[in-house]
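Data block below; observations after.
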Amino acid sequence: MTTALPDSPTVPALDKALPAARRAHAQAVASGSVTAALGVLGVALGLSAVFGAPRHLRIGWLLPLVGVIFDLGPLGGFFVAATGAVSIAVGIYAVGYAQREHWARFPLVMLPLFVAAMLLVPAAGSVTTFLLAWELMAAASLVLVLSEHHRAQVRSAGAFYAVMTQLGFAAILLALVVLSAAGGGDAFATIAAGSGGISGGTRTAVFLLTLMGFGSKAGLLPLHAWLPRAHPEAPSPVSALMSAAMVNMGIYGLIRIDLQILGPGPHWWGLTLMVFGALSAVFGVLQASVATDLKRLLAYSTTENMGLVTLALGAATLLSSYGARQVAAMAMTAALLLILAHAAFKTLAFLGAGSVLAATGLRDLDKLGGLARRMPGTTVMFGIAALGASGLPLGAGFVGEWLLLQSLIHSPHENNTLLALTMPLSVGAVALTTGLGIAAMVKAFGVGFLARPRSAAAQAAREAPTSMMAGMALAAAACGVFAVAPAALGPLLKQVLAALPTVGGNEAGPALGAYLRLPGIPGSMSPGLIAVALVVAVLLALGLGRWGLRHRPAAAVVPLWACGADSLSSKMQYTATSFAEPLQRVFDNVLKPETDVEVTHFAESQYLVEKVTYRTLLADPVEQRLYTPVVGAVTAWAHWVRRAHPGSVHLYLAYGALGLLIVLVITR
Amino acid sequence: MSATTGLAVLATALQVLAVVAGAPLVVGGMRQVRARLEGRAGGGIGQPWRDLRKQLRKQQITPQGTTVVFGFAPAVVAGTTLLIAAILPLIALGSPLDPAADLFGVVGLLFLGTVALTLAGLDTGTAFGGMGSSREITIAAPVEPTLLLAVFALSVPGHSANLAAIVSATADNPGQLVSPGSLLAFVALAIVIIAETGRLPVDNPSTHLELTMIHEAMVLEYAGPKLALVEWASGMRLTVLLGLMANLFLPWGVAGAHPSVLAILIGFVAITLKVAVLAGVLAAGEVFIAKLRYFRIPELLAGSFLLALLAVTASYFFATPTN
């Protein structure tokens, strides 16, 4: 809250305030433009690596013994380009956002650093470089999450995120150390060349550890718990970067290490990926459909989408392990398309949520509403994002989901019980995800932006400044391209797919022309043509509605139907909670909501109600079942260990002597 | 463009026109069947057309505080339905839009319309609008996956999700209609079509009590020409879905991809008869059942979801190797 008290701004203070404001403006512009410039660089480098020769760079002096190795191939280039594109939009947006939210100097400096670290991860060509970049990215994002550290929730979210990201890092560290020891080198290229000699046990260990480490970064179940905490509490441009770009790094790790270097994996790798992917997708979307915090909803939707991507990766692995390489290539294309589409619409959604937050100070959907009239530009932008996230035609996510479903349907199932069981179940999971995803997005857009404002803050909202709108418009344009002209991505995806021979990459993938055609299967789709035809059809319908126009009296604006009462108050509207209440009841067994209704009667008569209080607590059931016992056990153990160091110097000396003895005995 | 493709385009245009003109008649026919079975005289088959004409001549009314979402939602619902009518193989297989959208696309378009109306309901900012939207989306959330799964089950024998391929595969090999997969998919599709079009026992289209409304609560603020468009669109949705169901499971009489004029005429008569019979059966069935309590509906839909899942699994296990 920065409303100035009426008597505070004296003339000298104003004099001082003006250069301060100018300086803040300059700093915001500098930070935003450096971020955007890094993004442009990322897109250029990434695309040149995809289409041109792989880039190789070694800086020997930067790290002792091994040096820093960068090796940018088509797969890395794809992720660098995607990250870069997100950063451009976020960088432009941050110019306005940082000024409006009065960012301190520290987050302004960290924002471009975070982007740089993220660009380094897919470019890393050796285990050491990868780990270094990974840790830089984790640390930079943690610092940014904590930029509003004066709020207790932010500190708690930061602690949660720090612990989980470091545990994930430990798992990745262990996996990559084992891998590099077994593969006989530090550089990924060396390991890949010698990967044939790695034993089955080592492969299994590396796969499980990387699934844990990368899965936690991608927000997969059950290691997703940091997402719905850290994403809402971080400043919105940072949330956008984390949700649209950083989680992709988890997917990149899975593809790079498990599919590209260690692949082709056995059947159960694919199956494991599919199970975790499907569970994450369904659980994520279910939580999103009942969430009332706008950014929490978006964070759960990230878990959902990364689940779908992982499901597609698993399907590609499983199918290619059974020799169905052409369908595997379709699944892999679906995964790549979903990653791109998610990056576009999630950037836009978080930036839109950021504009709402900056204008109203609210994330709670129950208090929002009526923004369509007050912030029309932002409303349109968020609408495009929500359409993309719901997986409907004309939305960015449609083509990827369509391709994923097609690859699941067309898997060859003759005489193969495993495929005949997993594929229908996966289709069920994907279908359920899209169905609930629609509910979640209708709620986010309909309750948050339409209707009438549910609080004074929403009533007083005003439109975001130009730079914020420009950042969002860029992401919206990307959404539009993915929605109606996915053919533009055809050459890019083809190049990336060719770098993934273990999942059928050298087969002909689906042809992304004006018509999307599936290889060897009679089936096609044309999102562009549907869009055009739909516009024509809607115009036709409008024409039908003009029938009888000459007989009509002049149009009028009238009050809403209030059942004969005087007027409606905005409290009578449905809120996000009431909108999702039926769904919450239907999925009672999974969500385990704690609801509490308290009715206060008038003292005069117990038949008259004075006040009703409704409280509902929707804790994450996975978190409660899994994390609480673990945290409890660690605390109990720590408590127990603490007894061993009561502060007595004599005891410590005894420990020292004992330790020395043990070492001597072992090394003898 | 050759003459045969020209005729295919003509068949598609005829389909759209038939749906536009026939939808109010289907609704009227169903009401009439119900009225007669309940011992009432009924308003006649043409009554919905007379209602439409009346509403289209009324004053255009915009409720205070609503946005363009409210204003354009009826056109979007009607537009998506018109597009679906142009894609589906109702009279002939060779719709020029058939390769542009398969069954997933059709399901997606259907839900685009649903979403537009739910948003319009929320946009009014009234208790009834929100209530209707919330209920509609709670029903739509399990309906969409069931539809997709049923599509999947039906696309296994034809090895394609494009509608013309499914319909011609069934016509060539009618034996697979009595396979467990097809039968389960039929039941699942029937339930979700009833739910999606807001018929009994899920929703009562002739209800006048706001508290029990689903679809009608959502569109409570519409009046005059916009209401006409909404009602027209919901009639068209019903017609189109009945036609889809008829041709998926009884694919006879549908003209081929390169039809002759006679084939188009036969196709037109066939689809009219099929839809009329299906609508009559549906209306007659509605006389004997009451509306389900709202929170029992998800159980019904979960049941149909399960049936669809079983249908897919069955069609996988009992798949006839064709190639």
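Residue numbers (our numbering), protein chains in the order written: chain E, 1 to 668; chain W, 669 to 991. Think of the CB as a built atom: it goes at the ideal place given N, C-alpha and C, for glycine as much as any other residue.
Each residue's CA atom was taken as its position, placing residue 923/W and residue 890/W some 39 Å apart. Under DSSP, the beta-bridge partners assigned to residue 594/E are 617/E. The contact set of residue 848/W on chain E, defined by CB atoms closer than 8 Å, is empty, because the minimum CB distance reaches about 14 Å.
Across the structure, residue 716/W and residue 694/W are spaced so that their CA atoms are roughly 9 Å apart.
Close to chain E, meaning a Cβ-Cβ distance shorter than 9 Å, are the following residues of the segment 874-885 of chain W: 878. For residue 78/E, the enclosing alpha helix (DSSP H) starts and ends at 74-100.
Only residues of its own chain outside the window of five on either side were considered, and among them 972 and 975 have a CB closer than 8 Å to the CB of residue 855/W, listed in chain order. In the structure shown, residue 149/E falls within a coil segment according to DSSP collapsed to helix, strand and coil. Taking a cut-off of 8 Å for Cβ pairs, the segment 767-775 of chain W and the segment 536-555 of chain E do not touch, as fewer than three such pairs fall below it. Identification of residues in the segment 821-846 of chain W having a C-beta nearer than 7 Å to some C-beta of chain E yields 823, 827, 828, 829, 830 and 833, given in sequence order.
By the CB criterion at 9 Å, residue 371/E and residue 359/E fall inside the cutoff. One finds 402, 406, 523, 524 and 525 in chain E with Cβ atoms closer than 9 Å to the Cβ of residue 770/W, taken in chain order.
Spatial neighbours of residue 209/E in its own chain (CB-CB distance under 8 Å, excluding positions within 5 residues in sequence) are listed in chain order as 171, 172, 174, 175 and 178. Bounds of the beta strand (DSSP E) holding residue 58/E are 55-59. Residues 140, 143 and 144 of the same chain have their beta carbon placed closer than 7 Å to that of residue 110/E, with the five preceding and five following residues left out of the count. Using a Cβ distance threshold of 9 Å, residue 267/E and residue 311/E do not count as a contacting pair. Its chain contains 511, 512 and 513 as the residues whose beta carbon lies nearer than 8 Å to that of residue 490/E, once the 5 sequence neighbours on both sides are disregarded; these appear in chain order. Minimum Cα-Cα distance from residue 810/W among the listed residues 863/W, 885/W and 908/W corresponds to 863/W.
Secondary structure of residue 803/W (DSSP, three-state): helix. Annotated as proximal: residue 50/E and residue 81/E, with beta-carbon spacing under 9 Å. Residues of chain W with a Cβ closer than 9 Å to the Cβ of residue 551/E are, in chain order, 724, 725 and 726.
Close partners of residue 808/W in chain E (Cβ separation under 8 Å): 435, 438 and 439.
Counting every other CB atom within 10 Å of its CB across the protein chains shown gives residue 296/E a total of 16 or more, marking it as buried.
Runs of the beta strand (DSSP E) lying entirely within the segment 551-581 of chain E, each at least 3 residues long, are 556-558 in chain order.
One Cα belongs to residue 264/E, the other to residue 185/E, and the distance between them is close to 20 Å. Excluding residues up to 5 positions away in sequence, 702, 867 and 868 lie with their Cβ nearer than 7 Å to the Cβ of residue 954/W in the same chain. In terms of CA proximity to residue 930/W, 759/W leads the group 949/W, 752/W, 739/W and 759/W.
Listed in chain order, the non-local C-beta contacts of residue 423/E below 7 Å within the same chain comprise 408, 411 and 413, local neighbours out to five positions each way being set aside.
Look at residue 827/W here: in three-state DSSP terms it is coil, with no helix or strand label.
The segment 464-504 of chain E is shown to contain whole alpha helix (DSSP H) runs of 4 or more residues at 466-484 and 490-498, in chain order.
Close CB contacts of residue 766/W within its chain, under the 8 Å cut and outside five residues either way in sequence, are with 755, 757, 830, 831 and 832 (chain order). Under the three-state reduction of DSSP, residue 224/E is assigned to coil, being neither helix nor strand. According to DSSP, residue 625/E shares a beta bridge with no other residue. Residue state for residue 69/E is assigned as strand, using DSSP reduced to three classes.
Take residue 112/E, set aside five residues on each side of it, and the residues of its chain with a beta-carbon closer than 7 Å to its own are 31, 34, 35 and 38, in chain order.
Within chain E, the residues 442, 446, 574 and 579 have their CB atoms less than 8 Å from the CB of residue 801/W, given in chain order.
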